[in-house]
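The structure under discussion appears below in the form of structure tokens.
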Amino acid sequence: MKPNETNGSAAQRSYMARHWRHHRSVRIARIVILILFLAVWEAAADAGLIDSFFFSSPVRVVTCFLTMVREKSLFVHIGVTLLETVASFLLVVFISLAAATLLWYSRGLSEILEPYLVVLNSLPKSALAPLLIVWLGTGIDTIIVAGISVAIFGAIINLYSGFLQVDPEKLKLVLTLGGNRRDCFFKVVLPASVPTILSNMKVNIGLALVGVIIGEFLAARRGLGYLIIYGSQVFQLDMLITSILILCAIAMGLYQIIQIAEHRYRKRT
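All the letters of the sequence shown, read from the start, carry residue numbers 0 to 268 under numbering that gives the first Met the number 0.
Below is the structure:
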């Protein structure tokens, strides 16, 4: 074996060791911060520094969670919210890709529609929820549309902007070699935009969850959003905080799924 190869492999092993140590230290720091937060929260509630009726405590949250599990109602609400969120997210991905592709193909259409997309993206989506109830009624369709409305316009703008940032020299090369605009899109633009699409998905999964919860606040009889509203109305604040923490866990889990997919794609490339 040549000395350069030995040095190269040793340097690579050293780099990988530092890389794994860094990730391990980050995970440990996250766990320590979470444990410290829970310990301070519980200690403050026990010492009377905060009112446990209004702010709850980790022990009360766990007790509430176990009670809802025994009543077999919690998993129904979680399942409903997950179903609505995943449906909204998948529709956002499909519609935004189709719309951004159409805008890329037609420069004139993009110039006409861009101001409308910006205005609709800036519109507070919570203002649309009562209107959606009037149009669609109170049901899962309304909640899914509410989830779509929060993410769709920003997703279209971001994807279209990502498509435009592809190296124009590569597009000229495809056209010079006899390709058409369709070849440019599927052989250059779309493959080059995969990182942008994945990054956009990481944002959209959280926005879809936000939209679903907004819809459940107003038009649902099941779901974590309904539990939050119900808990606040009957002053079962342990239920409210438990539902919020479950939402945090769901958001983290969905984000991690997309992040793992992005990480595996980058390893292959």
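Even for Gly, the Cβ is constructed at its ideal location relative to N, Cα and C.
Alpha-carbon spacing of residue i relative to residue j, whole angstroms
i: F234; j: T241; result: 13 Å
i: V85; j: S55; result: 30 Å
i: H18; j: L206; result: 31 Å
i: L131; j: V79; result: 19 Å
i: I257; j: I143; result: 20 Å
i: A126; j: I139; result: 18 Å
i: P123; j: Y14; result: 46 Å
i: L90; j: I196; result: 14 Å
i: S8; j: R267; result: 20 Å
i: I111; j: P194; result: 27 Å
i: L119; j: G146; result: 14 Å
i: H76; j: R220; result: 9 Å
Simplified DSSP state of residue i, which is helix, strand or coil
i: A46; result: coil
i: N179; result: coil
i: A219; result: coil
i: Q235; result: coil
i: I249; result: helix
i: G136; result: coil
i: K169; result: helix
i: K201; result: helix
i: Q164; result: coil
i: S8; result: helix
i: S242; result: helix
i: S72; result: coil
i: S192; result: coil
i: S56; result: coil
Outcome for residue i when other beta-carbon atoms lying within 10 angstroms are tallied against a minimum of 16
i: A99; result: buried
i: M67; result: buried
i: A42; result: exposed
i: L223; result: buried
i: D45; result: exposed
i: E83; result: buried
i: H262; result: exposed
i: V213; result: Per the sequence presented here, residue 213 reads as Ile, with Val not at that position. Its Cβ being crowded by 16 or more others within 10 Å, I213 is buried.
At least 3 beta-carbon pairs within less than 8 Å: the region 147-163 vs the region 93-106 = yes
Should the region 105-115 be called in touch with the region 171-180, which here means at least 3 C-beta pairs below 8 Å?
-> no
The region 109-121 touching the region 42-61, judged by at least three CB pairs closer than 8 Å | no
Quick one: complete beta strand (DSSP E) runs, 3+ long, within the region 103-147?
-> none
Is the number of C-beta pairs between the region 160-169 and the region 186-199 that are closer than 8 Å three or more?
-> yes
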